[in-house]
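Novice:
Residue numbers (my numbering): 8 to 68.
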(Lines of atoms letter the chains of each structure in order from A; the text may use other names.)
(Lines give C-alpha, C1' and ligand atoms only; values in the text may rest on other atoms or scores of the structure.)
Protein backbone atom coordinates (compact mmCIF):
# COMPACT_ATOMS: atom_id res chain seq x y z
CA UNK A 8 0.00 0.00 0.00
CA UNK A 9 1.22 3.52 -0.68
CA UNK A 10 0.75 6.49 1.64
CA UNK A 11 1.77 10.11 2.03
CA UNK A 12 3.41 10.74 5.38
CA UNK A 13 4.68 13.80 7.20
CA UNK A 14 7.71 13.52 9.49
CA UNK A 15 7.75 17.21 10.45
CA UNK A 16 5.66 20.35 9.96
CA UNK A 17 6.57 22.54 7.01
CA UNK A 18 6.06 23.27 3.30
CA UNK A 19 4.89 20.76 0.69
CA UNK A 20 8.43 19.37 0.51
CA UNK A 21 7.90 17.57 3.87
CA UNK A 22 5.36 15.24 2.24
CA UNK A 23 6.88 11.81 1.59
CA UNK A 24 5.33 9.15 -0.67
CA UNK A 25 6.12 5.73 0.83
CA UNK A 26 5.25 2.06 0.60
CA UNK A 27 3.76 0.75 3.86
CA UNK A 28 2.19 -2.52 5.00
CA UNK A 29 -1.44 -3.20 4.23
CA UNK A 30 -3.54 -2.68 7.39
CA UNK A 31 -4.94 -5.76 9.09
CA UNK A 32 -8.71 -5.88 9.32
CA UNK A 33 -10.72 -7.24 12.22
CA UNK A 34 -14.04 -9.06 12.28
CA UNK A 35 -16.89 -6.90 10.95
CA UNK A 36 -14.44 -4.48 9.25
CA UNK A 37 -13.73 -4.02 5.55
CA UNK A 38 -10.67 -2.87 3.64
CA UNK A 39 -11.48 -0.52 0.77
CA UNK A 40 -9.20 -0.10 -2.24
CA UNK A 41 -8.79 3.58 -3.07
CA UNK A 42 -7.94 4.43 -6.65
CA UNK A 43 -7.86 8.24 -6.36
CA UNK A 44 -7.63 10.72 -3.53
CA UNK A 45 -7.09 14.42 -3.00
CA UNK A 46 -5.68 16.91 -0.54
CA UNK A 47 -8.05 19.34 1.14
CA UNK A 48 -7.51 22.47 3.20
CA UNK A 49 -7.46 20.51 6.48
CA UNK A 50 -4.51 18.47 5.14
CA UNK A 51 -2.63 21.69 4.38
CA UNK A 52 -3.32 22.97 7.90
CA UNK A 53 -2.07 19.65 9.34
CA UNK A 54 1.11 19.82 7.24
CA UNK A 55 1.93 23.34 8.38
CA UNK A 56 1.09 22.62 12.04
CA UNK A 57 -1.80 25.08 12.18
CA UNK A 58 -4.57 22.56 12.94
CA UNK A 59 -3.42 20.39 15.80
CA UNK A 60 -0.44 18.74 17.41
CA UNK A 61 0.73 15.54 15.80
CA UNK A 62 2.63 12.37 16.54
CA UNK A 63 5.13 11.82 13.76
CA UNK A 64 5.17 10.15 11.36
CA UNK A 65 1.65 11.33 10.51
CA UNK A 66 -0.26 9.63 7.67
CA UNK A 67 -2.70 11.79 5.73
CA UNK A 68 -6.11 10.08 5.74
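Even for Gly, the Cβ is constructed at its ideal location relative to N, Cα and C.
None of these values were measured; they are calculated from a predicted model.
(1) What is the rounded straight-line gap between the Cα of residue 55 and the Cα of residue 36?
(2) What is the DSSP secondary structure of residue 12, reduced to helix, strand or coil?
(3) For the beta strand (DSSP E) containing residue 23, name the first residue and the last one.
(4) What's the C-alpha gap between residue 27 and residue 20?
(5) What residues match up with residue 66 in a beta bridge as DSSP calls it?
(6) Using the Cβ count rule (16 or more neighbours within 10 Å means buried), how would you classify residue 32?
Specialist: Short version:
(1) Along the chain shown, one-based indexing puts residue 55 at 48. Along the chain shown, one-based indexing puts residue 36 at 29. Straight-line Cα distance between these residues: approximately 32 Å.
(2) Counting from one through the chain shown, the residue named residue 12 turns up at place 5. Residue 12 falls in the strand class under three-state DSSP.
(3) As a working mapping, residue 23 is identified with position 16 in the chain shown. Taken as a continuous stretch (DSSP letters only), the beta strand (DSSP E) holding residue 23 covers 22 to 26.
(4) By one-based count along the chain shown, residue 27 stands at place 20. By one-based count along the chain shown, residue 20 stands at place 13. Using only the alpha carbons, I get a separation of about 19 Å.
(5) Here the question's residue 66 lines up with position 59 in the chain shown. Residue 66 is bridged to 12.
(6) Stepping through the chain shown from its first residue, residue 32 is reached at position 25. Exposed, by the Cβ-count rule.
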